């Protein structure tokens, strides 16, 4: 339905704990230790990834230590709900100074994200909705004249809606 995993309005590859990220330790549990059918959760820890490594990461892909967790619950009848939260330290190079028009508006010490979502997937119909917010983590920008300017938003609010019908012969 969506490229990769959805969350495309706020996720960026290898940036804090969104999309595909580097240096993660993950614990996943299905059916809450066998006690609650359909309740799944995951816990994550992310170690620091900075430009001070041999791979020469760009500041925009750096992060300090962070943690995150997510949970989903399969209600039945094709309905599932879920939510997630992550919180990571930002490196000093990522914190804005607001001294020039190109500096980041995001001055916070931590990058934070949370979201909630629900889906219906039954009877050849797929409907999904997600609402989420980020603070000090979502990049935006591009070229200004000859300068390649990237900035980090202080706060974003994201809504994603998806609808799909699958015909009996397989076409979606």
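Residue numbers (the numbering used here): 370 to 541. The C-beta atom is built at its ideal place from N, Cα and C for all residues, glycine as well. Computed from a predicted model, the values in this text were never measured in an experiment.
Pairwise C-alpha distance: residue 528 and residue 478: Indexing the chain shown from 1 puts residue 478 at position 109. Indexing the chain shown from 1 puts residue 528 at position 159. Using only the alpha carbons, I get a separation of about 25 Å.
Taking C-beta to C-beta, are residue 449 and residue 385 nearer than 7 Å? Taking the chain shown and counting its residues from 1, one reaches residue 449 at position 80. Taking the chain shown and counting its residues from 1, one reaches residue 385 at position 16. No, the Cβ-Cβ distance between residue 449 and residue 385 is not below 7 Å.
From which residue to which residue does the alpha helix (DSSP H) around residue 403 run? Here the question's residue 403 lines up with position 34 in the chain shown. Residue 403 -> alpha helix (DSSP H) spans 400–403.
Rounded straight-line distance, which links the Cα of residue 515 to that of residue 487: Here the question's residue 487 lines up with position 118 in the chain shown. Here the question's residue 515 lines up with position 146 in the chain shown. So the alpha carbons of these two residues sit roughly 43 Å apart.
Hey, could you find the ends of the beta strand (DSSP E) residue 498 is sitting in? Taking the chain shown and counting its residues from 1, the one referred to as residue 498 is at position 129. It spans 494–504 - the beta strand (DSSP E) in which residue 498 sits, taken as one unbroken run.
For residue 438 and residue 414, the rounded distance between their alpha carbons: Within the chain shown, residue 414 is the residue found at index 45, counting from 1. Within the chain shown, residue 438 is the residue found at index 69, counting from 1. If I take the Cα positions, the gap works out to 9 Å.
Residue 449 in three-state terms, based on DSSP: Indexing the chain shown from 1 puts residue 449 at position 80. Correct three-state label for residue 449: strand.
Can residue 417 and residue 433 be called in contact, C-beta distance under 7 Å? For this step, residue 417 is matched to residue 48 along the chain shown. For this step, residue 433 is matched to residue 64 along the chain shown. In contact: residue 417 and residue 433 (Cβ atoms closer than 7 Å).
Quick one: residues in its chain with C-beta nearer than 7 Å to the C-beta of residue 392, no 5 flanking neighbours on either side, listed in chain order? Within the chain shown, the letter at position 23 stands for residue 392. The answer, listed in chain order, is 415, 416 and 418.
Counting C-beta neighbours from all protein chains within 10 Å, is the total for residue 459 16 or more, i.e. buried, or is it exposed? Translated into positions along the chain shown, residue 459 becomes position 90. By the neighbour-count rule (16 or more Cβ atoms within 10 Å), residue 459 is buried.
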